[in-house]
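Trainee:
Residue numbers (the working numbering): 392 to 518.
(1) Is the beta carbon of residue 431 closer than 7 Å to that of residue 458?
(2) In angstroms with no decimal places, state the Cα-to-Cα distance between residue 405 and residue 491.
(3) Flag this pair as yes or no: are the beta carbons of residue 480 and residue 445 separated by less than 7 Å?
(4) Would you list, in sequence order, the uninterrupted beta strand (DSSP E) runs of no fewer than 3 residues that lie entirely inside the stretch 439-494?
(5) Could you tell me which residues DSSP pairs with residue 423 in its beta bridges?
(6) What did DSSP end up calling residue 501 once you bin it into helix, strand or coil?
(7) On the CB-based measure, 16 or more other CB atoms within 10 Å of its CB, does residue 442 come out buried or exposed?
(8) Determine the direct distance from the alpha carbon of residue 463 to that of residue 472, and round the result to whole angstroms.
(9) Going by C-alpha distance, which of 461, 460, 420 is nearest residue 474?
(10) In three-state DSSP terms, what is residue 407?
(11) Comparing C-alpha positions only, which one of 477, 436, 416, 504 sits nearest to residue 450?
(12) Thinking C-alpha only, which one of 418, 448, 415, 454 is nearest residue 429?
(13) Could you tell me the distance, in whole angstroms, from the CA atom of residue 456 to the CA atom of residue 515?
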């Protein structure tokens with residue numbers, strides 16, 4: 392797991408307690424892909440109720456560079472969209488940088504659609 396964090400954020404170190412908290416939290420599902428027992432990909436589904444319905448958000452989609460191109464991210468995302476349908480989520484959102492063109496093509500091929508929106512972020516601590 393630790394080696395997968397670097398592509399997600401160079402400023403975040405692996406924290407076993409934080410990972411265990413994600414796994415234990417009722418609003419999150421940590422999906423993992425394994426190759427010969429080694430974790431080679433992850434994706435997190437965060438589910439939250441809102442006044443307009445149950446919403447989902449995709450976080451931390453990452454695949455080990457050594458095994459990219461094998462369809463692992465697609466399998467993780469397809470499983471996540473299936474969970475969203477089974478749980479009756481009103482929407483399932485994810486964000487990605489515009490420069491990640493291949494990732495955006497993958498997301499769209501799984502059924503995600505680009506929206507006319509801006510993502511705004513408040514960080515209580517500096518990023």
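The beta carbon of each residue, even a glycine, is placed where N, CA and C say it ideally should be.
Mentor: Put simply:
(1) Stepping through the chain shown from its first residue, residue 458 is reached at position 67. Stepping through the chain shown from its first residue, residue 431 is reached at position 40. In this structure, residue 431 lies closer than 7 Å to residue 458 by Cβ.
(2) By 1-based counting over the chain shown, the position of residue 405 is 14. By 1-based counting over the chain shown, the position of residue 491 is 100. Each residue's Cα considered, the two are about 24 Å apart.
(3) Within the chain shown, the letter at position 89 stands for residue 480. Within the chain shown, the letter at position 54 stands for residue 445. Result yes, Cβ atoms of residue 480 and residue 445 sit closer than 7 Å.
(4) 444-454, 482-484
(5) Here residue 423 corresponds to residue number 32 of the chain shown, with the count starting at 1. Answer is 433, bridged to residue 423.
(6) On the chain shown, position 110 is the one that residue 501 refers to. In this structure, residue 501 counts as helix in the three-state DSSP scheme.
(7) Position 51 of the chain shown, counting from 1, holds the residue named residue 442. Its Cβ having fewer than 16 others within 10 Å, residue 442 is exposed.
(8) As a first step, residue 472 is located in the chain shown; it is residue number 81 there, counting from the start. As a first step, residue 463 is located in the chain shown; it is residue number 72 there, counting from the start. Taking the straight line joining both Cα atoms gives about 14 Å.
(9) To locate residue 474, count along the chain shown from 1; it is residue 83. When only C-alpha atoms are compared, the closest one is 420.
(10) As a working mapping, residue 407 is identified with position 16 in the chain shown. Three-state DSSP puts residue 407 in a helix.
(11) Your numbering for residue 450 matches position 59 in the chain shown. The shortest C-alpha separation from residue 450 is found at 436.
(12) By one-based count along the chain shown, residue 429 stands at place 38. That would be 454, whose Cα lies nearest to the Cα of residue 429.
(13) Mapped onto the chain shown, residue 456 falls at position 65. Mapped onto the chain shown, residue 515 falls at position 124. Whole-angstrom Cα-Cα distance: 32 Å.
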